[in-house]
Amino acid sequence: MGEDRPTEVSEPAAEPAEAGVTTGALARRLGVSPTTLRSWDRRYGVGPAVRSDGRHRRWTPQDVAMLEEMCRLTSAGVPPAEAARTARKGVERIPYGPDPAEGAGGLGPQRSQAAGALPLGDVRQECRGLARAAVRLDAPAMDDQLASLVERHGLVVAWDEVMVPTLHAVGRKWESSGDRYVEVEHLLSWHISRILHRATEPARPDAPATGPGPVVLACVPGEQHSLPLQALHAGLAELGLPTRMFGAAVPTEALTAAVRRLGPTAVVLWAQTRSTADVPLARHVAGTHWGVKGARNHPAVVLGGPGWAGRPLRGMFRPPGLRDALGSLRGLYDSVAPVPGG
1 MGEDRPTEVS EPAAEPAEAG VTTGALARRL GVSPTTLRSW DRRYGVGPAV
51 RSDGRHRRWT PQDVAMLEEM CRLTSAGVPP AEAARTARKG VERIPYGPDP
101 AEGAGGLGPQ RSQAAGALPL GDVRQECRGL ARAAVRLDAP AMDDQLASLV
151 ERHGLVVAWD EVMVPTLHAV GRKWESSGDR YVEVEHLLSW HISRILHRAT
201 EPARPDAPAT GPGPVVLACV PGEQHSLPLQ ALHAGLAELG LPTRMFGAAV
251 PTEALTAAVR RLGPTAVVLW AQTRSTADVP LARHVAGTHW GVKGARNHPA
301 VVLGGPGWAG RPLRGMFRPP GLRDALGSLR GLYDSVAPVP GG
């Protein structure tokens, strides 16, 4: 009898743990960090109903429904304390699983105009979740949300519809609030840069020995804004196109030398402002030739960034956005690639 007692006591306690999900699994499902879930539990009382052995959290379907509502509300700009109160009150009437109005993928392309900490305007709901994480300086939440965003919607949508609007909102807040939001912009930019770098890891950047030259990506001299180029670099890696990324503020001499050495198919020059948009440099790069006499070649020049606006340069591309830039470069590369078996 004494030997059987521990078994009789432990078996009922194990059932809720098996029925619930762990904090890590729930965090992955919701697109937030485990740290955020623990913080919400501690601060707002939206924790699991069951804790095996008193410490390990196990989340039941009802708990999950409550957290899904919490995430939906905070992503729409509702303050966490108010979102928690609403989620706790409505947990019995919230269906288990994604909100049918948002589609099968959970947070979908539904838009929201709820007031938030940053001047976001009419944007995707994911922007509000990312902005709130940025303002809280919640690095794990930003990482998780960005990774989930790229995985679910692809790089172009993630960049154009979430990353860029959120960065612009942080910039506007910074401009109107002195230097109070500098740390927010720096942290958000770093995490976006990190996720963009991560997107290029599976890529093989070296062009085949007999294939067209790579796409050279460079900010013009004096230009420090390289995030858009990083997004383009990641997009080209997804397409399998060879690239050479030189980053911010590339000196004229260094860029010219690189073009001559690499013989690129195209050179993308990024200028964020009119003061950095160097028209003579763009013409010089476009006129750079290489190869033997009679078979000399030169690169196509692609002008990226708002700094080139109002400065039409004959024979140069100026795509309006990331999707168009990727399409133009794909077309350029295909037009000079050798035909298989040809």
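For the sequence shown, the residue numbers in UniProt numbering are 1 to 342.
For every residue, glycine included, the Cβ atom is placed at its ideal position computed from N, Cα and C.
Judged by DSSP secondary structure, Val336 falls within the alpha helix (DSSP H) whose first and last residues are 322–336. Ala218: not part of any alpha helix (DSSP H); member of the beta strand (DSSP E) spanning 215–219, first to last residue. Nearest neighbour of Leu167 by Cα position, chosen from Glu183, His153, Leu236, turns out to be Glu183.
Residue environment for Lys173: buried (at least 16 other C-beta atoms within 10 angstroms of its C-beta). A direct Cα-Cα distance of roughly 48 angstroms separates Val268 from Ala87. The C-beta distance from Leu188 to Ala134 rounds to 4 angstroms, short enough to meet the 8 angstroms contact threshold. Excluding sequence positions up to five before and after Ala27, its CB lies within less than 8 angstroms of the CB of Ser33, Pro34, Thr36, Leu37, Asp144, all in the same chain and listed in chain order. Membership of Trp290 in any alpha helix (DSSP H) is not indicated, and neither H nor E is assigned to it by DSSP. A check of alpha carbon separations from Pro251 across Trp270, Val150, Thr265 identifies Trp270 as the nearest. The beta-bridge partner set that DSSP reports for Leu303 consists of Leu269. Judged by DSSP in its simplified three-state form, Met316 adopts coil rather than helix or strand. Per the coordinates, the alpha-carbon of Arg57 lies some 16 angstroms from the alpha-carbon of Ala65. Spatial neighbours of Leu255 in its own chain (CB-CB distance under 6 angstroms, excluding positions within 5 residues in sequence) are listed in chain order as Ala218. Assigned with DSSP and collapsed to three states, Thr200 falls in coil, not helix or strand.
Our two residues, Gln272 and Glu151, have alpha carbons roughly 28 angstroms apart in a direct line. In this model, Ala282 and Ala234 are separated by some 23 angstroms (Cα to Cα). Here Glu68 is buried. Its C-beta has 16 or more other C-beta atoms within 10 Å.
If you draw a straight line from the Cα of Pro280 to the Cα of His298, it comes to about 16 angstroms. In terms of CA proximity to Ala258, Val216 leads the group Ala237, Leu241, Val216, Ser275.
DSSP links Gly247 through a beta bridge to Ala218. Distance between Trp308 and Arg29, taken at the CA atoms: about 42 angstroms.
Boundaries for Pro48: no alpha helix (DSSP H) harbours it, and the DSSP string shows neither H nor E there. The three-state secondary structure of Arg194, taken from DSSP, is helix.
If the five residues before and after Leu241 are omitted, its C-beta is found closer than 8 angstroms to the C-beta atoms of Pro214, Val215, Leu329, Arg330, Tyr333, all from its own chain and listed in chain order.
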